[in-house]
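In the working numbering, the protein residues as written are 7 to 230. So the structure is just underneath, and the comments pick up after that.
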Amino acid sequence: MKLPLIIHPALLSVIILAVSTNGEQTCPAPCQCKIPWALCKRGKIQDLAGFSNDKVTALSLHEYDIGTLKSDSFSEVMIPIWKLQILKSNLHTIKKNAFKGLEKVEGLDLVHNNIENIEAGAFDGLPHLTTINLQSNNIKVLKPKMFKGLKLSHLHLDHNQLTSLNPTVFENIGLITVRDNPLDCNCYLKMVEITLGNKISGATCNSPENLRNQEWTVLKKLRC
């Protein structure tokens, strides 16, 4: 005869606690935790205030309708993330110190937004940041001090509205990808091509008409 399994109440409490602290139950309402990711959709950044889970090291915000990412937007987020995604969230402006409090972040993925304005100092407070992905936005101009103080290995600017490139913007950046930007291949850009050399990947001319769709290395032949 088998004896019934009896679990001491104290042990039962430990089991219940272990279950309740695992998986989705540890996430705020608009999120699902699929360790190491917290996947959040159509919520508000304020909902993440006080969110703490040592197992979550990557955060994805999807369709958040943010508009302007203000200073200290993540100051109350307690999770130790190394990766942050903000996708399809109607983000158009990033203020100075917008990511303050996320000191461990190594990668920012801000693709498929409407980013036009990035203030100088927007990425301050991110000493470990190595990669920024700004693909598929509406960036027309890169300000000289936009990435000051950073040591990026990769900066992705593909599918934006850049017509020119400023060499001073790209100091301390290893590789910059700029595919599908409407670059104006003139004498100034020839100087940029000479200065930046192999740091730029995917650059093609949009104008003048006779150079359209050609790689910007064609500028070497341009008489200025």
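We treat Cβ as the ideally placed atom computed from N, Cα and C, and that holds for glycine. Note that this is a predicted model, so its numbers are computed, not measured.
Q) Hey, out of Ser159, Pro34, Arg185, whose CA is closest to asparagine 166's CA? A) Arg185
Q: Could you have a look at isoleucine 200 and say whether DSSP puts it in helix, strand or coil?
A: helix
Q | First and last residue of the uninterrupted beta strand (DSSP E) at serine 159 | A | 158–162
Q. Exposed or buried, methionine 152, counting other C-beta atoms within 10 Å across all chains shown (16 or more means buried)?
A. buried
Q) On the three-state DSSP scale, how would you describe glutamine 52? A) helix
Q: Compare the beta carbon distance of glutamate 69 and arginine 48 with 8 Å and say whether it is the shorter of the two.
A: yes
Q: Using alpha carbons as the reference points, say which of Gln38, Thr201, Gly73, Asn187 lies closest to threonine 6.
A: Nothing in the structure corresponds to residue 6, since the chain is present only between 7 and 230.
Q. Roughly how many whole angstroms lie between the Cα atoms of glutamate 122 and leucine 90?
A. 19 Å
Q. In three-state terms, what does DSSP make of threonine 136?
A. coil
**Q.** Which of helix, strand or coil DSSP assigns to lysine 47
**A.** strand
Q: Provide the residue span of the beta strand (DSSP E) that contains glutamine 91, from first to last.
A: 89–93
Q: For glycine 113, write down the residues that DSSP places opposite it in a beta bridge.
A: Lys89, Thr137
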